[in-house]
Amino acid sequence: PVYMAEEGSIDPDMDSLMRWASLFLTLPAVCYSALPFFQGAWSGIRHRALGMDVPVALGIIAAFAGSMVATFRGPDGGAVYFDSVTMFIFLLLCSRYLELAARRKAASSLQRLSHALPSSALRMPGYPGSREVETVAADMLSAGDVLLVKPGEAIPADGILIDGSTSIDLSLLTGESRPQGKAAGDVLPGGAVNVSQPMLLRVTRPVADSTLSALVRLVERAGQAKPQIACWADKVAAWFVASLLLFALAVFAYWQVADPQRAWPIAIAVLVVSCPCALSLATPTALAAATDFLVRQGVLIVQSHVLETLHRATHIVFDKTGTLTVGKPAVQHVAMFATRQEARLWRAVAALEASSAHPLGVALASAAALHGVTPGDAHADDLHHSAGQGLEGTVDGVRYRLGSAAFVAELCGSPCPGFDSGHDEYTSVYLGTNGAWLARFDLADAVREDARATIAYFRSIGKTIILLSGDDHAITRRVAGSLGIYAAHGACLPEQKLAFVQHLQRGGAVVAMVGDGINDAAVLRAADVSFAMGTGAALAQTHADAVLLSGRLASMREAASTASRTMAVIRQNLGWATLYNVVAIPAAALGLLNPWLSGVGMSVSSAVVVVNALRLRRESRISTSVEDAKPPLMSFPRRRESRATECLR
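Here the sequence shown is numbered in this note's numbering, starting from 27 and rising by one per residue.
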């Protein structure tokens, strides 16, 4: 009624009644709805950190207290701002609701990940004698238990398919939308969904140690730190709040002299119109939205600095086997150097590679199985692994070495007798014993389908691409040439890879490393930002800053594109927040904005930042021309090669 009535049409008693009614109607908003702002402000003051809630709480208290004093004094006591107080609280809570909705959307993929494992499982305690099932809690499962997994159910724990064939949905774990066929003997991860047929699964790891549980732990670790740019924004916001409070006090003092009637509302408007929350929201909302998008694309961000550092990276260093290549080589040719029985040699190979997770080791074990020899048929004693070189152990009382020519030559006591494969596309693994070379196994590995497009994309955005591999020089250079990589170095031991990356960093480079093997763990940790292939070794994944769950290099390209978009959105948000405050605060100080209009501006500013960040949840559009780019075979300039060789030394 006060707004609708014409000037002078409301008598003093009715005006006083309306003021008291407004006071009592505003009390619930101030004493209940505004509690989160008061609690946040008090917490910040107790911890000596001036956060965004401090000016908000002061603005609410100042407007309500001033209005209450004016109400007690009567119609001549000055203006009241109960309507501004309630409107400001409402608009700010709407802004907070938008922020909360954005965070919930951003966390949806991670929430689905943490709730993917079922709480119970169907166990067969009497298998194979009996196929009766019992329902048990998933937490009670242990290695060796046999489970029945029906179609449509999630696999409770990591295990091996022992009976039946089916298709499984790995979309939650890897981002791969197409179901994958599985047969007896295949390893299945916990959290995957059985799509087509009932199957029997033998548990290899309990729920707490399953693939999905490990990913959830990585996600939890990722949320424990803030990236550098977010910490910077928080510090700026804290200084901003402190400066704002001093400025509001100065404005009040000025208007108290110039026009005492306007001093209080203008000081309130200055407190209310400022938007430190836009500064503090600019970075975390963008990072949360980008992280959610990448999880859905099969990229798990483990460390908080990944997107920021990847955007700044100057060099992208790739491992070869299992990263640029499929990582599943097969034995193409076998050359026997000795007259010993072939079955004995395959028996030694199977025993030495029984527990190996290296792609070459798995290929050799598979080849031995094709010759009728399984790891269970023989056992290697005193087994020793030399990173980047090979294996040594005793099988049936005979000492063997299996690995590179130089490594085996130390045991044989003589250099390789010149039995060269003659084909650069092969990786040769040698077997020898005391005083005798026994065999050479030639293996081949294919380049990933998306490797060429990924390399072309990084070259198109100005990144320097380097290939470091423990494989032979000739093979490494051939793979690099086919992908358009100028700098390629083979025969690199783990310590040499580490030294190479550290040398680049000392020269001012920001290095992103992509690898998959156990021997990559050290260099993955040393790089400024690192990515481990989801199909690689668990040790490499725990040392990496991000994991490509999909096992596709295209996910790396998507991560780089998302990093660029995220940094652009953060810059836009910070720019908007700065521009808004530069314009709005002086306007309020000059008396051009009243308190309720200041509340509208502050809430809209926060909403703009949140809505802009949510755009990152949409899929980016990478130029299709990159997909079709087929770089020619590259020559290797002598100057670059000699400098790299010197670095490796």
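Idealized CB from N, CA, C, for every residue including glycine.
Start and end residues, alpha helix (DSSP H) containing residue i
i: residue 529; result: 520–532
i: residue 194; result: Run containing residue 194: none in the alpha helix (DSSP H); it sits in the beta strand (DSSP E), 192–195.
i: residue 611; result: 580–615
i: residue 296; result: 286–299
i: residue 39; result: 38–54
i: residue 83; result: 79–99
i: residue 330; result: Segment: none, residue 330 is in no alpha helix (DSSP H) and carries neither H nor E.
i: residue 71; result: 61–72
i: residue 702; result: Here the chain covers residues 27 to 675 and nothing more, so residue 702 does not appear.
i: residue 549; result: 547–552
Backbone CA spacing between residue i and residue j [nearest angstrom]
i: residue 185; j: residue 570; result: 25 Å
i: residue 352; j: residue 208; result: 19 Å
i: residue 457; j: residue 431; result: 9 Å
i: residue 397; j: residue 435; result: 26 Å
i: residue 676; j: residue 190; result: Because the chain spans 27 through 675 in this model, residue 676 falls outside it and cannot be assessed.
i: residue 328; j: residue 574; result: 11 Å
i: residue 555; j: residue 540; result: 9 Å
i: residue 60; j: residue 291; result: 19 Å
i: residue 233; j: residue 381; result: 22 Å
i: residue 509; j: residue 425; result: 40 Å
i: residue 516; j: residue 526; result: 12 Å
i: residue 359; j: residue 388; result: 16 Å
i: residue 377; j: residue 371; result: 10 Å
i: residue 74; j: residue 82; result: 17 Å
i: residue 660; j: residue 472; result: The pLDDT assigned to residue 660 is 32, lower than 50, so where the model puts this residue is not dependable, and the model offers no usable value.
i: residue 502; j: residue 495; result: 7 Å
i: residue 513; j: residue 157; result: 58 Å
i: residue 437; j: residue 364; result: 16 Å
i: residue 586; j: residue 578; result: 14 Å
i: residue 332; j: residue 205; result: 30 Å
i: residue 576; j: residue 582; result: 10 Å
i: residue 179; j: residue 311; result: 34 Å
i: residue 316; j: residue 642; result: 5 Å
i: residue 644; j: residue 119; result: 26 Å
i: residue 282; j: residue 89; result: 16 Å
i: residue 95; j: residue 284; result: 22 Å
Boundaries (first-last residue) of the beta strand (DSSP E) holding residue i
i: residue 166; result: From DSSP, residue 166 is part of no beta strand (DSSP E); its letter is neither H nor E.
i: residue 477; result: Where residue 477 is concerned, there is no enclosing beta strand (DSSP E), although the alpha helix (DSSP H) it sits in stretches over 477–486.
i: residue 573; result: 572–574
i: residue 459; result: 453–459
i: residue 537; result: 537–541
i: residue 503; result: Run containing residue 503: none in the beta strand (DSSP E); it sits in the alpha helix (DSSP H), 499–509.
i: residue 176; result: Segment: none, residue 176 is in no beta strand (DSSP E) and carries neither H nor E.
i: residue 469; result: 462–470
i: residue 642; result: Taken as a continuous stretch (DSSP letters only), residue 642 belongs to no beta strand (DSSP E), as it is neither H nor E.
Of the residues the options, the one placed nearest residue i, counting alpha carbons only
i: residue 106; options: 506, 113, 92, 218; result: 92
i: residue 453; options: 67, 475, 460, 466; result: 466
i: residue 324; options: 588, 57, 639; result: 588
i: residue 116; options: 623, 640, 637; result: 623
i: residue 347; options: 394, 604, 559; result: 559
i: residue 596; options: 188, 635, 355; result: 635
i: residue 379; options: 205, 160, 600, 405; result: 405
i: residue 270; options: 612, 643, 169; result: 612
i: residue 337; options: 286, 313, 355, 318; result: 313
i: residue 99; options: 79, 43, 476, 118; result: 43
i: residue 50; options: 268, 418, 210, 111; result: 111
i: residue 506; options: 345, 288, 108; result: 345
Residue i burial status per 10 Å Cβ neighbour count (16 or more: buried)
i: residue 385; result: buried
i: residue 45; result: buried
i: residue 176; result: exposed
i: residue 167; result: buried
i: residue 410; result: exposed
i: residue 607; result: buried
i: residue 213; result: exposed
i: residue 723; result: No information on residue 723 is available, as it lies outside the stretch 27 to 675 that the chain covers here.
i: residue 171; result: buried
i: residue 57; result: exposed
i: residue 149; result: buried
i: residue 443; result: exposed
i: residue 114; result: buried
i: residue 39; result: exposed
i: residue 79; result: buried
i: residue 394; result: buried
The ligand MG heavy atom lying under 7 Å from the CB of residue i
i: residue 155; result: What this structure holds is no ligand at all, so the ligand MG is not there to describe.
Alpha helix (DSSP H) runs contained entirely in the stretch 368–435, provided each spans 4 or more residues: 368–378, 385–396
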